[in-house]
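Chains as they are written, first to last, in full-length UniProt numbering: chain G, 1 to 190; chain L, 1 to 251.
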């Protein structure tokens, strides 16, 4: 989060200040990539498309930092849905917009993941049902309040709370299970 | 929980995390998940700024001189606008100078790569002038030609910022000093610079009195002929937003 400086940083960026724009980008791009990792390998490409769209509308944007983050992630999701639809069409598969992230989850569902890094953790997130995965990443990584996530995903605030809670609980259990597995392995080696 | 993770954590993030913050704070396992998810950005996550920067330059910080036709740069409006931007840049400590100057020259792959390779510095820097100076090394700034029609605009801008110690950091004013024969000579040089239109063959000033009555004879020139020069627009395409910093002191 940029925090108290956000208003000025945004105004400077809207006036053409490249350094201000770099600060906006730097603050949000890591979270954006982590969220878009739900879509698999296309994350970086979709992030680039997202920034292009955001830049085009930058001068017209009005709002505080929460609104800014919500706008960027809403844009990212639209670009991800477009990319997922295109990918499904090219592969001759059926397509539902709500599942842009789910088709990549299965590949790591049964994998043994030692979640020692953020990347490993994101791999675990991708094993969650898509609704939970999106809720967790938008709430925890993007830092969006419940109301914004609900609007972004077209669901009720209550369902977002439940999905996020269940997702986090599930991730914690997976981590815990891994810890037991790792501990067992060490005991066997010892 | 390993000490190798330095995630900023939910408590440092948006103050609106309310119930989620409570939930995570009360459960160490959830906290571990949250810390892993919000750990510091990797190098990979902070690379790839060149594309967004290119889009930004194309759609937001589009250079004013590039948008204008070459002939317009030498007009009074163009010269004054350039000088105004240069003056504002000095007032802001040089940050805008880079935007203006680098915009004056086509961005080379090298300059784009430099900008892309240093998002950390650019993003974290609060001393924009310092970074701007560093970027000038690769941007090959040229600034307006102080020996040409931009001289009057530069002199006007100079009067407003001459007391600013950072004024000479601007390439525009360095050009002015060169044209004057030295920084100390700028004042004398500017005293000799006439406003565009004061000494030219083509009168651009307003007549003291408006002609009255109809002409007695019909002009022999066909009315379909257009003048050689297009009058400068009354207002520039892009209006500087920092109006309080107008170098001429006008509001």
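The beta carbon of each residue, even a glycine, is placed where N, CA and C say it ideally should be.
Endpoints, alpha helix (DSSP H) assigned at residue i
i, result
"residue 82 of chain G", "65-91"
"residue 120 of chain G", "118-125"
"residue 29 of chain G", "18-36"
"residue 12 of chain G", "6-14"
"residue 51 of chain L", "50-59"
"residue 28 of chain L", "28-37"
"residue 130 of chain G", "130-136"
"residue 150 of chain G", "146-153"
"residue 54 of chain G", "43-57"
"residue 187 of chain L", "186-192"
Assigned exposure category for residue i - 16 Cβ within 10 Å defines buried
i, result
"residue 28 of chain L", "exposed"
"residue 17 of chain G", "buried"
"residue 69 of chain G", "buried"
"residue 10 of chain G", "buried"
"residue 187 of chain L", "exposed"
"residue 47 of chain L", "exposed"
"residue 26 of chain G", "buried"
"residue 83 of chain G", "buried"
"residue 39 of chain G", "buried"
"residue 178 of chain L", "exposed"
"residue 143 of chain G", "buried"
"residue 12 of chain G", "buried"
"residue 118 of chain G", "buried"
"residue 61 of chain L", "buried"
"residue 49 of chain G", "buried"
"residue 148 of chain G", "buried"
"residue 223 of chain G", "The displayed coordinates of chain G run from 1 to 190. Any statement about residue 223 of chain G would go beyond what the structure contains."
"residue 156 of chain G", "exposed"
"residue 177 of chain G", "exposed"
"residue 150 of chain G", "buried"
"residue 39 of chain L", "buried"
Contact with chain L by residue i, beta-carbon distance below 8 Å
i, result
"residue 141 of chain G", "yes"
"residue 48 of chain G", "yes"
"residue 7 of chain G", "no"
"residue 72 of chain G", "no"
"residue 61 of chain G", "no"
"residue 75 of chain G", "no"
"residue 166 of chain G", "no"
"residue 121 of chain G", "yes"
"residue 16 of chain G", "yes"
"residue 52 of chain G", "yes"
"residue 118 of chain G", "yes"
"residue 4 of chain G", "no"
Anticipated Cβ contact below 8 Å, residue i with residue j, distance rounded
i, j, result
"residue 92 of chain G", "residue 133 of chain G", "Actually they are not in contact, since the Cβ atoms of residue 92 of chain G and residue 133 of chain G sit about 25 Å apart, beyond 8 Å."
"residue 81 of chain G", "residue 34 of chain L", "Not really, about 27 Å apart at Cβ, beyond 8 Å."
"residue 164 of chain G", "residue 135 of chain G", "4 Å"
"residue 65 of chain G", "residue 2 of chain G", "6 Å"
"residue 191 of chain G", "residue 59 of chain G", "Residue coverage of chain G in this structure runs from 1 to 190, which leaves residue 191 of chain G outside it and unanswerable."
C-beta neighbour in chain G for residue i, strict 8 Å
i, result
"residue 56 of chain L", "yes"
"residue 49 of chain L", "yes"
"residue 34 of chain L", "yes"
"residue 21 of chain L", "no"
"residue 45 of chain L", "yes"
"residue 26 of chain L", "no"
"residue 60 of chain L", "yes"
"residue 183 of chain L", "no"
"residue 29 of chain L", "yes"
"residue 180 of chain L", "no"
"residue 39 of chain L", "yes"
heavy atom of the ligand NAP below 7 Å from residue i C-beta
i, result
"residue 22 of chain G", "This structure simply doesn't include the ligand NAP, nor any ligand for that matter."
Are at least three pairs of beta-carbons, each pair with one atom in the segment 44-53 of chain L and one in the segment 17-34 of chain G, less than 8 Å apart? yes
Touch check for the segment 157-175 of chain G and the segment 118-131 of chain G: three-plus C-beta pairs under 8 Å? yes
Is the segment 72-83 of chain G touching the segment 25-41 of chain G, taking contact as three or more C-beta pairs under 8 Å? yes
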